[in-house]
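A short worksheet on the structure shown next.
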Amino acid sequence: MKTLPLLVFVIALAASQNPDPHVTVRPSGSVTTGGICSHQSDCADELCCVHTGLTGKRRKRIFFDGLFDHDHGVCQPYRALNESCMPFMTHDIFNHELFQSHCPCEQGLECRGLTVDEAEHSVTHHNPRCQPPES
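Here it is in structure tokens:
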């Protein structure tokens, strides 16, 4: 029975603590280029949320510290016509709210190699660029 008051005290103390100062609430679409984001909806319309492994709290890093923080990214612009891209790029495998390393091509463009080699079980895109879709 003596543990009940202690438990109540610990719960009350935890509830009275200030929220994490690094967590901010922003209106949807209000984060600009280079700003920290957690979801695609955080970024302005012409931007996407990208996990680069180099974002987050500024602190002393130890070896690969920060490369595995998949809870946030940086707002970056979508790839424009003739910009380099990654043809089979998907979302970050640990957080599908983020893209991995680069934004995809702008709407209406597709990422395709200037030349494409198709073998029995593989497709190789050489010098991939954002291009209009093939007819």
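Count the sequence shown with mature numbering (1 follows the signal peptide of the UniProt record, and there is no 0) and you get residues -16 to -1, 1 to 119, in order.
The beta-carbon is built from N, C-alpha and C at its ideal position, and this holds for glycine as well.
Small disclaimer: the values here were computed from a predicted structure and weren't measured.
Taking the beta carbon of Q91 as the centre, do at least 16 other beta carbons fall within 10 Å, making it buried, or is it exposed?
exposed
Provide the residue span of the beta strand (DSSP E) that contains N79, from first to last.
From DSSP, N79 is part of no beta strand (DSSP E); its letter is neither H nor E.
Assuming C69 contacts T16 (C-beta within less than 8 Å), just tell me the rounded distance between them.
With 8 Å as the limit, C69 and T16 do not qualify as a contact, their Cβ atoms being about 22 Å apart.
For H23, which option in Y62, H80, E30 has the closest C-alpha, if you only look at C-alpha atoms?
H80
For G97 and P71, which I take to be in contact (beta-carbon distance under 8 Å), what is that distance rounded to the nearest angstrom?
7 Å
Runs of 3 residues minimum, wholly inside the segment 78 to 104: which ones carry the beta strand (DSSP E) assignment?
94 to 102
Within 10 angstroms of its Cβ, does F83 collect 16 or more other Cβ (buried), or is it exposed?
buried
Kindly indicate the opening and closing residues of the beta strand (DSSP E) around Q115.
Counting along the chain, Q115 sits inside the beta strand (DSSP E) bounded by residues 107 to 115.
Is C95 close to the ligand GTP? I mean its beta-carbon at under 7 Å from any heavy atom of the ligand.
In the structure on display, the ligand GTP does not appear, and there are no ligands present to speak of.
Q60 lies in the beta strand (DSSP E); which residues open and close that run?
57 to 61
Taking all protein chains shown into account, do 16 or more other C-beta atoms lie within 10 angstroms of the C-beta of G18, making it buried, or fewer, making it exposed?
exposed
Measuring only the C-alpha atoms, how far is V107 from V100?
7 Å
Can you tell me whether DSSP reads S68 as helix, strand or coil?
strand
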